[in-house]
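Chemist: Starting off with a structure, shown below.
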Amino acid sequence: MPAVTPGTGKVLVTGANGYIAIWVVRTLLEQGYAVRGTVRSHIKAKHLHKTFKSYGDKLEIVIVEDITKEGAFDEAVKGVVAIEHTASPFHFNAVEPDELIGPAVNGTLSVLQSALKYGSAVKRIVVTSSCAAVLTVSPEPHVFSELDWNNKSIKEVEEQGRNALGASKYRASKTLAERAAWDFVAKNKEQLSWDLVVLNPPYVFGPVLHAVGAHEQLNSSMHEWFLTVFKGAKDNAALGTGSSWIDVRDLADAHTLALVKAEAGGERIIVSAGAYNWQDWLNAARKFEPSTPAGNESYKPEEAVYVIKYNTAKAAKLLGLKYHTIEESTRDMIADFKVRGWLK
């Protein structure tokens with residue numbers, strides 16, 4: 067499919083008030099795209115209108131109360147040339163697996179079904195998946211690629227139901243939702259006017275744009291970061307563990323690049339800045355905020371073992387994506403939190 071460039075039409079962003087999505091909206095607007103964003107209520111729309119007031123009618127907000135309902139996006143997809151589907155639950159607190167799996171799978175299929183029926187102008191759909199759909203947790207270091215799928219979490223949830231780990235329920239939801247998207251495209255390929263790009267980010271950190279009144283209201287990954295770095299929430303053993311990450315601003319750039327780069331069509335793309343252990347963030351924070359807890363002072367970065375890594379060669383080749391460093395993102399998060407009054 068041809069690239070979707072600024073000026074060619076409007077881009078739909080689902081769940082536009084979310085942590086990642088609002089940065090996607092901002093990046094699209096900054097680059098000259100017109101945007102239609104969906105939110106669940108008029109109250110959630112207010113912050114978006116206020117934040118992007120200077121863009122005037124370049125931003126349109128529509129209400130989609132329940133993304134899982136059949137036909138939920140029928141009106142929203144009409145007239146847009148591309149869709150950025152970011153709306154999906156992210157937390158580890160579900161009791162029943164379907165609290166996460168249902169909305170993730172049905173929300174994704176709802177967008178695709180509406181695009182098939184009523185998105186006659188749509189050329190490309192970008193779905194925000196996750197590295198949760200890629201990795202299989204193991205104590206041994208491993209480098210994962212786009213060829214990997216997290217079938218282990220699906221099996222655990224099938225076998226254990228509500229007794230499965232909260233993280234496994236979330237990971238299963240992301241895996242099943244992404245598989246559903248690819249299966250939908252394969253099943254309907256003869257009828258589609260658009261192609262699919264799936265982005266798989268790991269943990270997402272970075273400054274906050276969405277409406278958050280207190281750090282307790284941050285999304286799961288950012289709240290864990292805040293408590294770990296500023297509240298000493300992890301012991302020395304836990305500080306020596308970690309995962310991989312990406313700055314939310316770089317992820318937003320990836321969403322825009324996935325529209326611009328024609329060759330990204332039909333691809334599953336891991337977008338990751340690199341691996342971290344939690345102590346790396348504490349070390350970075352102390353450079354900008356000396357009162358930050360020291361954590362494990364015997365930690366030696368040069369001897370650190372990083373268990374979860376990703377091969378990002380495809381992102382480099384297809385998107386040419388550039389990444390913030392741990393130090394840069396930490397600096398900007400601290401500045402953001404100080405303005406909000408969360409740090410004294």
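Quick note on our numbering: the sequence shown kicks off at 67 and runs consecutively. Backbone N, C-alpha and C define an ideal beta-carbon position, used for all residues, glycine too. Computed from a predicted model, the values in this text were never measured in an experiment.
(1) Got a sec? Which residues, its chain only, sit under 8 Å from K388 by beta carbon, not counting five neighbours each side?
(2) Hey, quick one: how far does the alpha helix (DSSP H) through D123 stretch, first residue to last?
(3) Assign V371 to one of two classes, buried (16 or more other C-beta atoms within 10 Å of its C-beta) or exposed (fewer than that).
(4) Start and end of the alpha helix (DSSP H) containing L166?
(5) Could you work out which residue in V128, R92, V91, V101 is closest to I109 when comparing CA atoms only?
(6) Return the first residue and the last residue of the alpha helix (DSSP H) that E393 is part of.
(7) For a test of the three-state rule: what should DSSP assign to L284, helix, strand or coil?
(8) Should S234 go down as buried or exposed, given a rule of 16 or more other Cβ atoms within 10 Å for buried?
(9) Considering H321, what are the terminal residues of the alpha helix (DSSP H) in which it resides?
(10) Which same chain residues end up closer than 6 Å to H157 when comparing Cβ atoms and leaving out the 5 residues on each side of it in sequence?
(11) Using the C-alpha atoms, what's the distance from P268 back to H390?
(12) With three or more C-beta pairs closer than 8 Å as the rule, is the region 339-347 touching the region 294-312?
(13) For R228, which of helix, strand or coil comes out of DSSP?
(14) Please go through the same chain and pick out, in chain order, the residues whose beta-carbon is closer than 8 Å to the beta-carbon of L114, but skip the five residues on each side of it.
(15) Taking the alpha carbon of R406 as the point to measure from, which residue in T134, S239, L284, A230 has its own alpha carbon closest?
(16) May I have the straight-line CA-CA distance separating T378 from A187, to the nearest angstrom?
(17) According to the neighbour-count rule (16 or more other Cβ atoms, all chains shown, within 10 Å of its Cβ), is Q97 buried or exposed?
(18) Is Y85 near L166, with beta carbons less than 8 Å apart?
(19) With distances taken from CA atoms, which of K76, E355, V193 is nearest D402?
(20) Excluding sequence positions up to five away, which residues of its chain have a Cβ less than 8 Å from the Cβ of G145?
(21) Check each candidate in G137, A238, T152 and name the one with the smallest Cα separation from Y184.
(22) Looking only at its own chain, which residues have a Cβ that is under 8 Å from the Cβ of P163, when we skip the five neighbours before and after it?
(23) So which of D123, E212, G122, S395 has the shortest CA-CA distance to M288?
(24) Should E333 go down as buried or exposed, given a rule of 16 or more other Cβ atoms within 10 Å for buried?
(25) For my contact list, V192 and A324 are in at a C-beta cut-off of 8 Å; report their separation, rounded to the angstrom.
(26) Quick check: the Cα distance between R190 and R352, rounded to an integer number of angstroms?
(27) Under 8 Å Cβ to Cβ from W215, same chain only, skipping five residues before and after it: list those, please.
(28) How would you write the range of the alpha helix (DSSP H) that A303 sits in, first residue to last?
(29) For Y99, does the three-state DSSP call read helix, strand or coil?
Modeler: Reading from the atomic positions:
(1) One-based indexing of the sequence shown puts residue 388 at position 322. Take K388, set aside five residues on each side of it, and the residues of its chain with a beta-carbon closer than 8 Å to its own are D316, D319, in chain order.
(2) Counting from 1 along the sequence shown, the entry for residue 123 is found at position 57. Taken as a continuous stretch (DSSP letters only), D123 belongs to no alpha helix (DSSP H), as it is neither H nor E.
(3) Residue mapping note: residue 371 aligns to position 305 of the sequence shown, counting from 1. Exposed: under 16 other Cβ atoms inside 10 Å.
(4) On the sequence shown, residue 166 is found 100 positions in, with the first residue counted as 1. First-last of the alpha helix (DSSP H) with L166: 164-184.
(5) Your numbering for residue 109 matches position 43 in the sequence shown. Out of V128, R92, V91, V101, V128 has the C-alpha closest to the C-alpha of I109.
(6) Along the sequence shown, one-based indexing puts residue 393 at 327. 392-405 is the extent of the alpha helix (DSSP H) around E393.
(7) Translated into positions along the sequence shown, residue 284 becomes position 218. In this structure, L284 counts as coil in the three-state DSSP scheme.
(8) The residue labelled residue 234 in the question sits at position 168 within the sequence shown. So S234 counts as buried.
(9) Mapped onto the sequence shown, residue 321 falls at position 255. Unbroken alpha helix (DSSP H) run through H321: 314-326.
(10) Translated into the one-based positions of the sequence shown, residue 157 becomes position 91. With a pLDDT of 49 at H157, under the threshold of 50, the predicted position of this residue should be treated as unreliable, and no value is reported.
(11) Taking the first residue of the sequence shown as position 1, residue 390 is located at position 324. Taking the first residue of the sequence shown as position 1, residue 268 is located at position 202. Rounded to the nearest angstrom, the two C-alpha atoms are 14 Å apart.
(12) yes
(13) Reading the sequence shown from its first residue, position 162 is the one you call residue 228. It is helical.
(14) Locating residue 114 in the sequence shown gives position 48, counting from the first residue. Counting only Cβ-Cβ distances below 8 Å, and skipping sequence neighbours, we find A82, N83, I88, V91, G103, V105, L125, I127.
(15) Taking the sequence shown and counting its residues from 1, one reaches residue 406 at position 340. Per the Cα distances, L284.
(16) Sequence index remark: in the sequence shown, residue 378 carries index 312 (1-based). Sequence index remark: in the sequence shown, residue 187 carries index 121 (1-based). Using only the alpha carbons, I get a separation of about 31 Å.
(17) Reading the sequence shown from its first residue, position 31 is the one you call residue 97. Exposed is the call here.
(18) Indexing the sequence shown from 1 puts residue 85 at position 19. Indexing the sequence shown from 1 puts residue 166 at position 100. No, they are not a contact pair.
(19) Here residue 402 refers to the residue found at position 336 when the sequence shown is read from its first residue. Per the Cα distances, E355.
(20) Along the sequence shown, read from residue 1 onward, the residue named residue 145 stands at position 79. Once the five neighbours on either side are set aside, the close Cβ partners of G145 are G75, K76, A187.
(21) On the sequence shown, position 118 is the one that residue 184 refers to. For the residues G137, A238, T152, the minimum Cα distance to Y184 belongs to G137.
(22) Here residue 163 refers to the residue found at position 97 when the sequence shown is read from its first residue. Contacts found: V223, G227, R228, A230, K235, A238, S239.
(23) Indexing the sequence shown from 1 puts residue 288 at position 222. The candidate whose alpha carbon is nearest that of M288 is S395.
(24) For the purposes of this step, residue 333 is identified with residue 267 of the sequence shown, where counting begins at 1. When all chains shown are included, E333 counts as buried.
(25) For the purposes of this step, residue 192 is taken as the residue at position 126 of the sequence shown. For the purposes of this step, residue 324 is taken as the residue at position 258 of the sequence shown. Right, their Cβ atoms sit about 5 Å apart.
(26) Numbered from its first residue, the sequence shown carries residue 190 at position 124. Numbered from its first residue, the sequence shown carries residue 352 at position 286. Answer to the nearest angstrom: the Cα atoms are 43 Å apart.
(27) Within the sequence shown, the letter at position 149 stands for residue 215. Excluding positions up to five away in sequence, the list reads A199, V200, T241, R245.
(28) Indexing the sequence shown from 1 puts residue 303 at position 237. Unbroken alpha helix (DSSP H) run through A303: 302-305.
(29) By one-based count along the sequence shown, residue 99 stands at place 33. Note: Y99 maps to coil in three-state DSSP.
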